[in-house]
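**Q** Residues 853 to 1184 (our numbering) make up the sequence shown, in order.
Every residue, glycine too, gets a C-beta built ideally from N, C-alpha and C.
In this text, all values refer to a predicted model and were calculated from it rather than measured experimentally.
Okay, handing you the structure first.
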Amino acid sequence: MKHKNIPVFIPHLGCPNDCVFCNQRKITEHLEFREEEVKNTIDEATATLLDGDDAEIAFFGGSFTGIDRDLMIRLLSLGKSYMDKGAVSSLRCSTRPDYINEEILDILQKYGVKTIELGIQSTDDKVLQACRRGHTAAQSYDAMRMIKEHGFDFIGQMMTGLPEASAQSEIKTAEDICRYADGARIYPIVVFRDTELAFMAESGAYTPYTSDELIRRTAEVKKVFIKHGVPTIRVGLQANEGLTGGDEIACGGYDEATGEKCDALIYYDIISELIKKTDGKSVVIAVPKGHISRAAGHKKENKARLRAEFGIKDVKFIEKDIPQYSAELCEQ
């Protein structure tokens, strides 16, 4: 069975805030949400589903539970109508911690929402204040707890490279999310043009990260989710999250292959520890099924780096039925 999201993008409606890193207000100036087009969007998507596909309607983009209440209920009611006729199995939405309360959760439950994604970004109040998030870490903790107490699946969204953030605060944020989460998204910072963060970088108030620095920080965060068995369902932005090309980026180390390079770095750390235990000139490493390209690295950079660092002649990867993000040293 293949899972598919049917995204309904609600551009920045419901969000009262203007975080320093966010370019959604600028995008929203050029996007008009048309409620009457939502049904067509869903109809077109459901028409492409194959037998056995498990689909859900996902209300993404703005802070869904902060939009006009009547509009929210109309959209939920429309979504539920597709559930009632068996076209989709559930609904999903994304929102902010300060737009979660008992009343809202009761409404979402009534209309068949299964999964709530929460834009936490950080659980360090110093970072939240520097980013002008408009909510506190305590509100995030309360929202996560309430979501799980109501029986929803919970996806925690966090960012790396934020102003005032450290590697330690990012790891703590991931640990905090793992207390409740069924999945996670990690968004390495992107410094968009015409945002407060871009002005901060220009003035020297914020120092942008290089691509390598961001990938390392993001890999360390993903390791936390791996350790706790929390799947990372995405690393980095998609086009419908405000990134349609390089022209929007003011500075910093954005890399389209961040997710791939993050996995490669995680595997490099795992494999290098194994290689330290051997003095062979060639090694054979077993990795999980489907993960050979991740272990070999972006453009096979891991293989070249391992050969150079450890003075080995060759590294060969084979597949084995072992847990994801693990590796085993094999006899030749």
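#1: Under the rule that 16 or more other beta-carbon atoms within 10 Å means buried, what is S1134, buried or exposed?
#2: Can you give me the C-alpha to C-alpha distance between I1174 and I925, rounded to a whole angstrom?
#3: Quick one, which of Y1177, K1129, K1165, D905 has its alpha-carbon nearest G1142's?
#4: Helix, strand or coil for C1182? Go by DSSP, reduced to three states.
#5: Mind listing, in chain order, the continuous beta strand (DSSP E) runs of no fewer than 3 residues lying wholly within the region 939-1014?
#6: By the 10 Å Cβ neighbour count, where 16 or more other Cβ atoms means buried, how is K1128 classified, buried or exposed?
#7: Can you name, in chain order, every residue of its own chain whose Cβ lies under 6 Å from the Cβ of F1162, other than the five neighbours on each side?
#8: Starting from G1234, follow its DSSP beta bridges and name the residues at the other end.
#9: How would you label V1113, buried or exposed, when you count the other beta carbons within 10 angstroms and need 16 or more for buried?
#10: By DSSP's criteria, P859 is part of a beta bridge. Which residues make up the other side?
#11: Might you give, ordered along the chain, the residues of its own chain that have their beta carbon closer than 6 Å to the beta carbon of P859, omitting 5 neighbours on each side?
#12: Could you give the C-beta distance for G964 and S946, rounded to a whole number, given that I count them as a contact under 8 Å?
#13: Taking three-plus beta-carbon pairs below 8 Å as touching, is the region 896-906 in contact with the region 1069-1080?
#14: Using the Cα positions of H882 and R1157, report the straight-line distance between them to the nearest angstrom.
#15: For A1138, which residues in the same chain have their Cβ closer than 6 Å to its Cβ, ignoring the five residues on either side in sequence?
#16: I'd like to check one pair, V1087 with T1070: are the Cβ atoms closer than 8 Å?
**A** Reading it off the structure:
#1: exposed
#2: 45 Å
#3: Y1177
#4: strand
#5: 942-947, 965-973, 1005-1012
#6: exposed
#7: I1127
#8: Residue 1234 cannot be examined here, being either before or after the span of the chain that is shown, 853 to 1184.
#9: The displayed chain sequence assigns Lys, not Val, to residue 1113. Buried, because 16 or more other Cβ atoms sit within 10 Å of the Cβ of K1113.
#10: A910
#11: A910, F912
#12: The Cβ separation is near 16 Å, so there is no contact.
#13: no
#14: In this prediction, H882 scores a pLDDT of 44, lower than 50, which makes its location untrustworthy; the coordinate-derived value is nonetheless stated afterwards. Those two C-alpha atoms are separated by around 45 Å.
#15: I1170, K1172, E1180, C1182
#16: yes
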